[in-house]
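Written out below as structure tokens is the structure these notes cover.
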Amino acid sequence: MALLSEEMDNDLLRLWALVAELSDQLNTNRAMTAALQAQANQVKGQAIHSGTGFVLRRFNTDLTKEVFESELERMNATLVLENQTLLHENKQLSSLLKEYEQTLETVMAKFRAQAHAAQQHELTLTRHYESLLVARESNTLNQDLILSSSSAESLARLSRLIRMTLRSLAGEDPEADESEKSERDDVLDEQRREGGYAGSSPPLEDWALEREIEITRLEKENEELRRLLTIGSEDMGSEPPKDWERMAPTKLFGNGPTRRGLLTHSRARGSIGRGGYTPHWTMPDPLQRKSASYFREFPT
1 MALLSEEMDN
11 DLLRLWALVA
21 ELSDQLNTNR
31 AMTAALQAQA
41 NQVKGQAIHS
51 GTGFVLRRFN
61 TDLTKEVFES
71 ELERMNATLV
81 LENQTLLHEN
91 KQLSSLLKEY
101 EQTLETVMAK
111 FRAQAHAAQQ
121 HELTLTRHYE
131 SLLVARESNT
141 LNQDLILSSS
151 SAESLARLSR
161 LIRMTLRSLA
171 GEDPEADESE
181 KSERDDVLDE
191 QRREGGYAGS
201 SPPLEDWALE
211 REIEITRLEK
221 ENEELRRLLT
231 IGSEDMGSEP
241 PKDWERMAPT
251 KLFGNGPTRR
261 GLLTHSRARG
271 SIGRGGYTPH
281 WTMPDPLQRK
291 SASYFREFPT
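For the sequence shown, counting from 1, position 277 maps to 277 in the UniProt record's numbering; every step adds exactly one.
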């Protein structure tokens, strides 16, 4: 590519030197043509004066008629020859000028074609490399987008697995949150189809309402358990444990994982994973006497 550009530059320099030389020669020919035209005009004036004979008669009165006529004929012959020579030279210069003009026109046409081809080549290369750069940039952006999307999905999946692991370690159902979320989404979709108003933040409001319902249900269950324990103690002739009033609220309504686990297990109907689970404080005492209320609450 570099050698080609150097050869093109050398050709252009030689072409430019040739054009300059032709221009100088053309200017010289024009100057010579102007000088010849001036000389021809001068000769024409002399011929006019010679034809009238006024100058010779005025300044050469001492010459005889024969000498005067011979000199006049010789001068006319000389002028005719010079005029013919000048006409011939003028024709040659005109033809040479036309040839120079044609040569210059041919050279400039080739020069314009070469310049146009070089410019088009540069523009084509520029467009090609611009398209390559745009394609490379778009590919880079697409790859970055794919990587960021895959990283975000991996992080979301990892966070979900960590949450499920923490729930399993805390004794909760790992799939409870997903099932609750799907049920809540189904309820919201049904409300939207029916034209109901779910509020500005439906997931939070539904969760709070469900939480209050669970708390109320667990309070009733606690009261029922206390009543059953009281009835069982009366039937056995013993009193309920003294620390029941302190232990029951802690187990049923305490803060932390116990309460969340109770809510989760009650929602899941006493199941963790695939096995069944029943809180130990709701199981009957095998030593107490079986009463009618026991069979109603714990059917066999």
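The beta-carbon is built from N, C-alpha and C at its ideal position, and this holds for glycine as well.
Model, not experiment: these values are computed from the prediction.
Cβ shell of residue i (< 7 angstroms), same chain only, five flanking positions each side left out
i          : result
residue 22 : 100, 103, 104
residue 96 : 29
residue 16 : none
N- and C-terminal bounds of the alpha helix (DSSP H) containing residue i
i           : result
residue 165 : 65 to 169
Cα-Cα separation between residue i and residue j, rounded to whole angstroms
i           : j           : result
residue 221 : residue 212 : 14 angstroms
residue 81  : residue 29  : 22 angstroms
residue 228 : residue 217 : 16 angstroms
residue 264 : residue 164 : Any reading at residue 264 must be qualified, since the residue scores a pLDDT of 43, below 50, and its modelled position is unreliable; no value is offered.
residue 12  : residue 111 : 8 angstroms
residue 168 : residue 131 : 55 angstroms
residue 98  : residue 109 : 16 angstroms
residue 34  : residue 79  : 19 angstroms
residue 149 : residue 161 : 18 angstroms
residue 64  : residue 71  : 11 angstroms
residue 145 : residue 159 : 21 angstroms
residue 155 : residue 140 : 22 angstroms
residue 125 : residue 114 : 17 angstroms
residue 223 : residue 209 : 21 angstroms
residue 147 : residue 127 : 30 angstroms
residue 48  : residue 27  : 32 angstroms
residue 136 : residue 122 : 21 angstroms
residue 172 : residue 142 : 41 angstroms
Contacting residues, own chain, Cβ-Cβ under 6 angstroms from residue i (five flanking each side not counted)
i          : result
residue 40 : 86
residue 46 : none
residue 20 : none
residue 54 : Note that residue 54 scores 47 on pLDDT, short of 50, meaning its location in the model is unreliable; the coordinates nonetheless yield the value given after this. Excluding sequence neighbours, residue 54 sits near nothing in its chain.
Contact belief for residue i with residue j at Cβ below 8 angstroms, rounded distance in angstroms
i          : j           : result
residue 43 : residue 10  : So it is not a contact: roughly 49 angstroms between Cβ atoms.
residue 18 : residue 107 : 7 angstroms
residue 36 : residue 90  : 6 angstroms
residue 8  : residue 93  : That belief does not hold up - the Cβ atoms of residue 8 and residue 93 are roughly 35 angstroms apart, past 8 angstroms.
Close-in-space but distant-in-sequence residues of the same chain around residue i (CB under 8 angstroms, 5 per side omitted)
i           : result
residue 301 : Look at the range of the chain in this structure, 1 to 300, and you will see that residue 301 is not part of it.
residue 5   : none
residue 243 : Reliability fails at residue 243, whose pLDDT of 47 lies under 50, so the model's placement of it is uncertain and no value is given.
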